[in-house]
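Participant: One structure, pasted below without further comment.
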Amino acid sequence: MTKMLVGNVNEIDIKGSRKLLVGNTEIALFRLTTGEVLAVENKCPHKGGALSEGMVCGSRVHCPLHDWRVDLHSGNVLAPDTGHVTTYEVEIDPESGHIYLTL
Amino acid sequence: MSTLRKKLVMVGNGMAGVRAIEHLLKLAPEAYEITIFGAEPHPNYNRIMLSSVLAGGASMNDIIINDLEWYHSNGIRLYTGHTVTSIDTRQKTVYTDKGIEASYDELILATGSNPFMLPLPGAEKEGVIAFRDIKDTQIMQETAKTHRKALVIGGGLLGLEAARGLLHLGMEVSVVHIHEYIMERQLDEAASVMLRKELEEQGMKFLLKKQSEAILGKKRVKGLLFADGEIAEADLIVMAVGIKPNVELARKSGIEINRGIIVNDYMETNTPGVYSVGECAEHRGIAYGLVAPLYEQGAVLAKRLAGVQTEGYAGSITSTKLKVSGVDVFSAGQFTEQPGSRALRYQDEIEGVYKKLVIKDDKLVGAVLFGDTGDGAQLFSMIKNNENIKGMEKELLLGVSSDALASPKGNRLEAMADDEIICGCNGVSKGAIAEAIQSGGCTSVGAIKACTKASASCGGCKPLVEGLLQIYAGDNAVTVKEGICGCTTLGRDEIVAEIKRMELKTVKEVMNVLDWSNDEGCAKCRPSLNYYLGMLWPEEYIDEKESRFTNERYHANIQKDGTYSVVPRIYGGVTTPADLIKIAEVAAKFDVPMVKFTGGQRLDLLGVKKEDLPKMWEELDMPSGHAYGKTLRTVKTCVGSTFCRFGTQDAIGMGIRLEKAFERLNTPAKVKLAVSGCPRNCAEATIKDFGVVAIDGGWELHIGGNGGVHVRATDLLCVVKTDDEVLEWASAFLQYYRENAGWNERTAQWVERVGLDSIKQALDDREERLALKERIEATLRLTSDPWKQIVNEPELRKNFEPISQPETV
């Protein structure tokens, strides 16, 4: 388990996302309207679409390629499609707004 | 800078007042320093949704309209939990119970209303409450954990919603009502009786024609005594008999009141600098308790405060919808028959559907719907618009045409093999659909779609899916009215009408007011609402880039491997050696894997990494070709009279002129134009959305063509003589399309749907044409090149780069 500082919340737009590369894994960070920041592997289980490019609705993201919907909390694909993406633990320092990612 | 701003103070932090402030911030963001006092300890929430909180469909967080961050980012000073106790209208200062004073230049009283509590002996006992705010809701939830019997006094809208919520919490609920039938102010007797039956089936009991006399019990309520001597036991009594405007503060401060705070058509009270809006205000003798009129009032007030010219508020015709699970009730306007009016009724006791239309002088003046309220918004807009409905009565009453029921598709479908594919997009077989219906419990097209994905993409197989539903589910099949997406039951026209009527100005507000089932919508409705709002309010609306599809957010086409493509604009397909060199150099510098000519005479640089996009745009220094958007794409041209020996007109010049006129225009779907210099039509103008073909001495104008999925040749719109006329008609046509087509509807589908004649008719009158042209020009004046904007603004540019390099801690 490695914990790392990956940026600040104000670098991500609300209902927006940023991506980053850790080793060979591309990770997408999303900032929800609720203020939460969530992280998932940036790869739709369907055809590998970059989830970071998708539209964020509530706590779901719509894959930009074929509109599969992924729940960002659980990483589960929503019905009628099925599948799962890896989620990562995110912590935010309430004072500084620093985002820490553990993987 | 703050010294230049006038001070605006608002008393009350409810829906109507804050709505007015939101509107004001858009019209005049710099004009005021705003302070809001709210007595409740919460930010602004959607009171209409309290019944959903109570019924378990929503949490408190779900119903917050503006969170604290919103107040903060708009520079509004908010005092929650502060009650304003007095106003000095001479010194222009307000005072609160916590010792704060605030001076104002303009003051808005948005104090809302209080629940009306019957003055019964014993009304002060523990367990007697109203249904008005979050606190009441919490008390009900707490009580349900330890007590069983609840009485709701009041069989109106609010009472029934409270009763339904209490049922949901597991209490035994009886509704006490003084009238002989419930919701008598919104429903006629027939609909009311159907509603009561439905609610009784859900477990609600009714005590009708009962006058309450006293509340029994020692410290806590035990029961309710009626005038006829009967007694009903109760551990909780909810009074939901009505509301009264909260005028106390106004009264004490010498502001004129009657039932509510008296305002004129501009929401001004009789005291200079003091306005009132919402449930506390009384306009032309009426104090409204519904959100739509209050939003209309808020819009007028905001314009007044912003110094924008506005027509005054003229009162509202209201409509009601009961928000109770499993029951659909709608009523609008004058729903009882009066002398001079007549009523048409449709009543189906088996399906539990009732519909009544009240008509006066061939105009719809009122409607009641029970069981199927899908047509409510449409009927309501007809009532509001005073539309003549002569000849349409039967269709309005029966809804869908009856021939839809008698289609012969059954036989063919039944004979089809199980492995035959019904939905070609998603590969769903007849067998899979049959199984979803028979063992999966799907009884509607929507359910089948959600379960199997059949008809979820292009929708072309929907009639077949409907047919299968008839075969396998038979009488169990339910027709659910489908809206623009799964988040709403409203269709495009209904949504646009409501946005106009209530002057809704943001995506969030539309979803909130029109009862969206997903609080942030989906990838289908968000872009469409963003488009409709931008089309309706070009000057005020701030485009929500987060509600646009990927391509339009990153201004390039996303490809299957996550790379993008760059297409510079090449007006009319004409370029120069210098531009070609520049494009070639940039392509080489950034290692673009493929350079290709597009179908519309442009150069496509494919396979570009997202991070490289802004740098490439910067180096190219050319305008965006919008090859990615729902907007004007290309204007294809042939060489025309410039070089061609057959050319009769300057097709290149005309093409460039059209492309420059309409570039960057937002449209419901992509739009392609072409100009051919002679009837040989080398630019293939008759398969474009708007095609221009030169003839000797003039131009033929064609519309509604498409070379895509379903090839469609254009229809001839008209023939004109001059270049200016081409532009005039093109402008009018495009704007008419923008204003009337559905989101994602190409002109080809739209022309087929509404008919060529209706479009010709709309554009035929020159005055109308010029008005449309003026509106499109007003919109076009506000556009800018997105590539340039991203190159210049680091805040936008950051989204193209990965977030900072991770550091292990």
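Chains as they are written, first to last, in my numbering: chain A, 364 to 466; chain B, 10 to 818. For each residue, glycine too, the CB sits at the ideal point set by N, CA and C.
1. For B/K439, which residues of its own chain have a beta-carbon under 6 Å away from its beta-carbon, when the five flanking residues on both sides are left out?
2. Whole angstroms is fine: what's the gap from B/A111's alpha carbon to B/N395's?
3. Is there a Cβ from chain A that is less than 9 Å from the Cβ of B/G656?
4. Give me, in chain order, the residues of the same chain whose beta-carbon lies closer than 7 Å to that of B/V595; leave out the 5 immediate sequence neighbours on both sides.
5. At which residues does the alpha helix (DSSP H) containing B/P623 begin and terminate?
6. Per DSSP, what kind of secondary structure is A/W431 in: helix, strand or coil?
7. Give a yes or no on contact between the region 435–454 of chain B and the region 398–407 of chain B, applying the rule of three or more CB pairs nearer than 8 Å.
8. Assuming A/V453 and A/L435 are in contact, meaning their beta carbons sit under 8 Å apart, how far apart are those beta carbons, in whole angstroms?
9. Under 8 Å by Cβ, that's how I've got B/T646 and B/A692 pegged, so tell me the actual separation to the nearest angstrom.
10. Express the C-alpha separation of B/R205 and B/D381 in angstroms, rounding to a whole number.
11. For B/G634 versus B/I590, is the C-beta distance shorter than 9 Å?
12. Between B/W752 and B/K533, what straight-line distance do the alpha-carbon atoms span, to the nearest angstrom?
13. If the cut is a Cβ gap below 8 Å, which residues of chain A does B/T559 touch?
14. If you draw a straight line from the C-alpha of B/G251 to the C-alpha of B/V184, how long is it?
15. What is the DSSP secondary structure of B/T756, reduced to helix, strand or coil?
16. Distance check for B/E776 and B/Q770, CA to CA, integer angstroms please.
17. Hey, does B/P623 have any beta-carbon neighbour from chain A nearer than 9 Å?
18. Examine chain B for any beta-carbon lying closer than 9 Å to the beta-carbon of A/G411, and answer yes or no.
19. Grab the span of the alpha helix (DSSP H) containing B/P472 for me, first residue to last.
20. Relative to the C-alpha of B/S340, which candidate in B/G26, B/D197 and B/L478 has its C-alpha closest?
21. Classify B/A386 as buried or exposed, calling it buried when 16 or more other Cβ atoms lie within 10 Å of its own Cβ.
22. For B/M69, list the residues DSSP reports as bridge partners.
23. Within this structure, are the beta carbons of B/T105 and B/Y88 separated by less than 9 Å?
24. Taking the alpha-carbon positions, what's the B/K15 to B/A315 distance?
25. Would you tell me roughly how many angstroms separate the C-alpha atoms of B/F389 and B/G707, rounded to the nearest one?
26. Starting from the beta carbon of A/D430, find every residue of chain B whose beta carbon is closer than 8 Å, and list them in chain order.
27. Give a yes or no on whether 9 Å exceeds the smallest Cβ distance from B/K418 to chain A.
28. Where in the region 374–404 of chain A do unbroken runs of the beta strand (DSSP E), each at least 3 residues long, occur, reported from the N-terminal end onward?
29. Check the Cβ of B/I504 against every Cβ in chain A and list those closer than 8 Å, keeping chain order.
30. So, with DSSP's three-state summary, where would you put B/S410?
31. Please name the residue in B/D773, B/F558 and B/I392 whose C-alpha comes closest to that of B/A376.
32. With DSSP run on the structure shown, which of helix, strand or coil describes B/I74?
33. Please state whether DSSP places A/K441 in a helix, a strand or coil.
34. At which residues does the beta strand (DSSP E) containing B/Q356 begin and terminate?
35. Nearest by alpha-carbon distance to B/G226: which of B/D244, B/G269 and B/T280 is it?
36. Let me know the secondary structure DSSP gives B/R268 once reduced to three states.
Facilitator: Reading it off the structure:
1. Stepping through the second sequence from its first residue, residue 439 of chain B is reached at position 430. Within the same chain, and ignoring the five residues on either side of B/K439 in sequence, the residues whose Cβ sits closer than 6 Å to its Cβ are M425, D427, E429 and I431.
2. Counting from one through the second sequence, the residue named residue 111 of chain B turns up at place 102. Counting from one through the second sequence, the residue named residue 395 of chain B turns up at place 386. Roughly 46 Å between the two C-alpha positions.
3. As a working mapping, residue 656 of chain B is identified with position 647 in the second sequence. Closer than 9 Å: no.
4. The residue labelled residue 595 of chain B in the question sits at position 586 within the second sequence. So the list reads M625, E628 and L629, once near-sequence residues are dropped.
5. Along the second sequence, read from residue 1 onward, the residue named residue 623 of chain B stands at position 614. Residues L622 to L629.
6. Stepping through the first sequence from its first residue, residue 431 of chain A is reached at position 68. The answer is coil: DSSP assigns A/W431 none of H, G, I, E or B.
7. The region 435–454 of chain B is not in contact with the region 398–407 of chain B.
8. Residue mapping note: residue 453 of chain A aligns to position 90 of the first sequence, counting from 1. Residue mapping note: residue 435 of chain A aligns to position 72 of the first sequence, counting from 1. In this structure A/V453 does not touch A/L435 by the C-beta definition: roughly 10 Å separates them, more than the 8 Å allowed.
9. Position 637 of the second sequence, counted from the start, is the residue given in the question as residue 646 of chain B. Position 683 of the second sequence, counted from the start, is the residue given in the question as residue 692 of chain B. A Cβ-Cβ distance of about 5 Å is found for the pair B/T646 and B/A692, placing them in contact under the 8 Å criterion.
10. Translated into the one-based positions of the second sequence, residue 381 of chain B becomes position 372. Translated into the one-based positions of the second sequence, residue 205 of chain B becomes position 196. Distance between the alpha carbons of B/D381 and B/R205 is about 16 Å.
11. As a position in the second sequence, residue 634 of chain B is number 625, starting the count at 1. As a position in the second sequence, residue 590 of chain B is number 581, starting the count at 1. Contact flag unset, no.
12. Counting from 1 along the second sequence, the entry for residue 752 of chain B is found at position 743. Counting from 1 along the second sequence, the entry for residue 533 of chain B is found at position 524. Each residue's alpha carbon lies about 9 Å from the other.
13. As a working note, residue 559 of chain B is residue 550 in the second sequence. E416, G417, M418 and P427, listed in chain order.
14. For the purposes of this step, residue 251 of chain B is identified with residue 242 of the second sequence, where counting begins at 1. For the purposes of this step, residue 184 of chain B is identified with residue 175 of the second sequence, where counting begins at 1. The straight-line gap from Cα to Cα measures roughly 15 Å.
15. As a working note, residue 756 of chain B is residue 747 in the second sequence. Helix.
16. Start at 1 with the first residue of the second sequence, and residue 770 of chain B comes out as number 761. Start at 1 with the first residue of the second sequence, and residue 776 of chain B comes out as number 767. Roughly 12 Å separates the two Cα atoms.
17. For the purposes of this step, residue 623 of chain B is identified with residue 614 of the second sequence, where counting begins at 1. Answer no: the Cβ-Cβ gap between B/P623 and chain A never drops below 9 Å.
18. On the first sequence, residue 411 of chain A is found 48 positions in, with the first residue counted as 1. Answer yes: the Cβ-Cβ gap between A/G411 and chain B drops below 9 Å somewhere.
19. One-based indexing of the second sequence puts residue 472 of chain B at position 463. Unbroken alpha helix (DSSP H) run through B/P472: K471 to A482.
20. What you label residue 340 of chain B is simply residue 331 of the second sequence in a count that begins at 1. Closest by alpha carbon: B/D197.
21. To locate residue 386 of chain B, count along the second sequence from 1; it is residue 377. Buried, since its Cβ has 16 or more Cβ neighbours within 10 Å.
22. Here residue 69 of chain B corresponds to residue number 60 of the second sequence, with the count starting at 1. Its beta-bridge partners do not exist; DSSP assigns none.
23. As a first step, residue 105 of chain B is located in the second sequence; it is residue number 96 there, counting from the start. As a first step, residue 88 of chain B is located in the second sequence; it is residue number 79 there, counting from the start. Against a cut-off of 9 Å, the Cβ pair of B/Y88 and B/T105 comes out as a contact.
24. Within the second sequence, numbered from 1, the residue matching residue 15 of chain B stands at position 6. Within the second sequence, numbered from 1, the residue matching residue 315 of chain B stands at position 306. The straight-line gap from Cα to Cα measures roughly 11 Å.
25. On the second sequence, position 380 is the one that residue 389 of chain B refers to. On the second sequence, position 698 is the one that residue 707 of chain B refers to. Taking the straight line joining both Cα atoms gives about 46 Å.
26. For this step, residue 430 of chain A is matched to residue 67 along the first sequence. Result: A532.
27. Residue numbering aside, residue 418 of chain B sits at position 409 when the second sequence is read from its first letter. Confidence at B/K418 is low in this model, with a pLDDT of 44, below 50, so the placement of that residue is unreliable and no value is reported for it.
28. Secondary structure within the region 374–404 of chain A: the beta strand (DSSP E) runs of 3 or more consecutive residues, fully enclosed, are 379–385, 388–394 and 400–404 (chain order).
29. Here residue 504 of chain B is taken as the residue at index 495 of the second sequence, counted from 1. Those within 8 Å of B/I504 in chain A number zero; the least Cβ separation is about 17 Å.
30. Residue mapping note: residue 410 of chain B aligns to position 401 of the second sequence, counting from 1. Unreliable placement is indicated for B/S410, whose pLDDT of 40 sits below 50; the coordinate value is still reported in the next sentence. In this structure, B/S410 counts as coil in the three-state DSSP scheme.
31. Along the second sequence, read from residue 1 onward, the residue named residue 376 of chain B stands at position 367. Of the listed residues, the one whose Cα sits closest to B/A376 is B/I392.
32. Position 65 of the second sequence, counted from the start, is the residue given in the question as residue 74 of chain B. Residue state, collapsed to three classes: coil.
33. Position 78 of the first sequence, counted from the start, is the residue given in the question as residue 441 of chain A. Note that residue 441 of chain A is Leu in the sequence shown, not Lys. Three-state DSSP puts A/L441 in coil, outside helix and strand.
34. Against the second sequence, residue 356 of chain B aligns to sequence position 347. S350 to D357 is the span of the beta strand (DSSP E), which, as asked, contains B/Q356.
35. For the purposes of this step, residue 226 of chain B is taken as the residue at position 217 of the second sequence. Minimum Cα distance to B/G226 is reached at B/D244.
36. Counted from its first residue, the second sequence places residue 268 of chain B at position 259. It is coil, neither helix nor strand.
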